Amino acid sequence: MQTSLNGKYTLVTGASRGIGRSIAKEFARAGARVALHYHQNKNAALNLQNEIGDEHPLVQADLSDSKAIEKGVNDLAQVFPRIDVLVNNAGVFWEKEINQHSYKDWQQKWNQTIQTNLMGPVNLTFLISALMKKQGGGKIINVTSRGAFRGEPKAPDYGASKAALNSFSQSMALALAKDNIFVYAVAPGWVETDMAKSLLDSDQAQSIISQSPLDRIASPEEIARTILFLAADQTEYLTGCIIDINGASYLRS
Ligand SMILES: NC(=O)c1ccc[n+]([C@@H]2O[C@H](COP(=O)([O-])OP(=O)(O)OC[C@H]3O[C@@H](n4cnc5c(N)ncnc54)[C@H](OP(=O)(O)O)[C@@H]3O)[C@@H](O)[C@H]2O)c1
963 MQTSLNGKYT LVTGASRGIG RSIAKEFARA GARVALHYHQ NKNAALNLQN
1013 EIGDEHPLVQ ADLSDSKAIE KGVNDLAQVF PRIDVLVNNA GVFWEKEINQ
1063 HSYKDWQQKW NQTIQTNLMG PVNLTFLISA LMKKQGGGKI INVTSRGAFR
1113 GEPKAPDYGA SKAALNSFSQ SMALALAKDN IFVYAVAPGW VETDMAKSLL
1163 DSDQAQSIIS QSPLDRIASP EEIARTILFL AADQTEYLTG CIIDINGASY
1213 LRS
């Protein structure tokens, strides 16, 4: 039986590229209306809209900016009557080792990562859970990372942002259950997208690939299909879960 999101109104952040783009395509194929959020790549978002249909509106917002988020949610409320599923997918990753750069640079990168990867989902959850509560419920799915669990020595801001997002997801699963709002996290290992490209093009590629006994990294579609499963009906009791999607590259206890 095919997973159905017929009649559901959804918002996918970072739908212009990578995992978000695959999620949007899976959701549209399953019958959902998908708000395609982008930050800087309007052309990429427009290409996706051309591919899946203009019943899927574009929404622009810099998720590191709380005012821009509020405007994006207000813009969306003009075209969508409700939001049944929010996928907090957009994120940033860069390598910035401690004591390898200036203190000013360290501050700036930490700030940008935490604002985008953590405060973006936190603020969207604040605004959209209020709408979901009024409409009788909804689902929120946060894309975190394997990096939340195993430490990221070269990207400590990224690991910390994703660990905090896991914790936030679990807190919200508890806080919002009474409003019929279900909150999940998925934690991928390496996925074949722009985010991983520079490392996969480097001499580190083979060591990254061989982290999994499957001897490959994930495709964006594999992450998207798990998120589609969570977005559909009858997964409510999974609320509060963190689903590992890392090809057994990191088996946490
Ligand atoms: N790829 C991996 O190996 C991997 C592994 C584990 C977890 N993840 C997580 O999966 C999610 C998607 O990653 P990806 O690999 O698909 O990344 P990607 O290909 O680099 O795409 C990133 C997306 O995030 C958006 N974005 C970046 N900064 C933003 C900002 N300030 N405000 C709003 N949107 C912003 C981008 O929008 P524009 O293009 O429009 O600017 C783009 O759509 C992220 O949360 C990432 O941490 C990825």
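When we follow our numbering, the leftmost residue of the sequence shown carries the number 963, and every step to the right adds one. Glycine is no exception: its CB is placed at the ideal position from the N, C-alpha and C atoms. Because the structure is a prediction, the values reported are computed rather than measured.
- Of the candidates F989, S1174 and N1104, N1104 places its Cα closest to the Cα of V1049.
- With a cutoff of 9 Å on beta-carbon distance, T1075 and Y1120 are scored as near each other.
- At a cut-off of 8 Å, the beta-carbon of F1055 counts as near ligand 1: some heavy atom of the ligand is closer than that.
- Unbroken alpha helix (DSSP H) stretches of 4 residues or longer found wholly inside the stretch 982 to 1050: 1004 to 1014 and 1028 to 1041, given in chain order.
- Distances between the C-beta of K1101 and the heavy atoms of ligand 1 are all 8 Å or more.
- Judged by the Cβ position, G976 qualifies as a neighbour of ligand 1 at the 8 Å threshold, a heavy atom of the ligand being closer than this.
- According to the DSSP assignment, F1144 belongs to the beta strand (DSSP E) that extends over I1143 to P1150.
- In the pairwise beta carbon analysis, the stretch 1176 to 1192 is classified as not touching the stretch 1120 to 1131: fewer than three pairs are separated by under 8 Å.
- Under the three-state reduction of DSSP output, K1071 falls in the helix class.
- Rounded to whole angstroms, R1112 and E1017 show a C-alpha spacing of 41 Å.
- Taking a cut-off of 8 Å on C-beta distances, the stretch 973 to 987 touches the stretch 1148 to 1156, as three or more cross pairs fall below it.
- Counting C-beta atoms within 10 angstroms of its own C-beta, I1189 has 16 or more neighbours from the protein chains shown and is therefore classed as buried.
- When DSSP states are grouped into helix, strand and coil, G1100 belongs to the strand group.
- When the five nearest sequence neighbours on each side are left out, the beta carbons in the same chain lying within less than 7 Å of the beta carbon of K1124 are those of N1079, T1106, S1107, G1109 and A1110, in order along the chain.
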